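Have a look at the structure below, then the notes.
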Amino acid sequence: AQSVTQPDIHITVSEGASLELRCNYSYGATPYLFWYVQSPGQGLQLLLKYFSGDTLVQGIKGFEAEFKRSQSSFNLRKPSVHWSDAAEYFCAVGDFQGAQKLVFGQGTRLTINP
Amino acid sequence: DTAVSQTPKYLVTQMGNDKSIKCEQNLGHDTMYWYKQDSKKFLKIMFSYNNKELIINETVPNRFSPKSPDKAHLNLHINSLELGDSAVYFCASRLSTGELFFGEGSRLTVL
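Printed below as a string of structure tokens:
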């Protein structure tokens, strides 16, 4: 069965610093991969997705992610974080050949220091 | 226009009561979901419907009963509420390319 691991439960970075959130997945076929962001008290908003093609994908709010098949990873990056980026970030893998669902990682809480 | 809307946003009730959460999407998607987010923020799928037909039921207690009167609506009814049912419940609908659009969530507190 597919699974997603986000090794970092909580990350703190200073405003203006670069950011990388890690995501490792387990899936037998070519994965559909997603990053979502959840601000406090809000629903989940899609940041970016990877289905195929270019392994570096661009998303909203200045985020990008790189798919590395050899490492089963899909890490999220941002060159310079803003205080408004403080939120919970979720990586997910989609199983649309079989069960037609998204499986989420545990989430990484991002705190921004001024 | 809200794409996926859930009501109510907050629900506080006593153990043993029955409650419902409603969800509507105006995106024209065929597939809708209910996810449960626990206190540790973990998101777990509960149910999925495709064009009013149940396609996923992830070992959820049968006190939980989803109902889809049409493909734009997926409601969740919970009988005999327990303390462990306290969580945030998210409705979502799926684009044909796979991504999910989520509602803002319904926070259920069982006292």
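Protein sequence lines correspond, in order, to chains R and C.
Heads up: the first sequence begins at 90 in the working numbering, then just goes up one per residue.
Heads up: the second sequence begins at -15 in the working numbering, then just goes up one per residue.
Just so you know, even glycine gets a beta-carbon here, dropped at the ideal spot from N, CA and C.
Please read these numbers as outputs of a predicted model, since none were measured by experiment.
1. Is there a Cβ of chain C sitting closer than 9 Å to that of R198/R, yes or no?
2. If you measure from the CB of L145/R, is any heavy atom of the ligand NAP nearer than 8 Å?
3. With L38/C as the anchor, note down where its beta strand (DSSP E) starts and where it stops.
4. Buried or exposed: where does I149/R fall if 16 or more other Cβ atoms within 10 Å of its Cβ makes it buried?
5. If I follow the unbroken beta strand (DSSP E) through A154/R, where does it start and stop?
6. Are there 16 or more other CB atoms within 10 angstroms of the CB of D69/C, so buried, or fewer, so exposed?
7. Which chain R residues sit within Cβ distance under 7 Å of Y89/C?
8. Drop a sphere of 10 angstroms on the beta-carbon of H99/R, count the other beta-carbons inside from all chains shown, and report buried for 16 or more, exposed for fewer.
9. Within 9 Å (strictly less), CB to CB, does L165/R reach chain C?
10. Within the continuous beta strand (DSSP E) that includes V126/R, where are the two ends?
11. Would you mind telling me which residues of chain R sit closer than 8 Å to F26/C, beta carbon to beta carbon, in chain order?
12. F86/C touches chain R at which residues, Cβ-Cβ below 7 Å?
Put simply:
1. yes
2. Annotation note on the ligand NAP: not contained in the displayed structure, which lists no ligands.
3. 37 to 41
4. exposed
5. 153 to 157
6. buried
7. Per the sequence shown, the amino acid found at residue 89/C is Gly instead of Tyr. The contacting residues are G132.
8. exposed
9. no
10. 121 to 127
11. F193, Q195, G196
12. G132, L133
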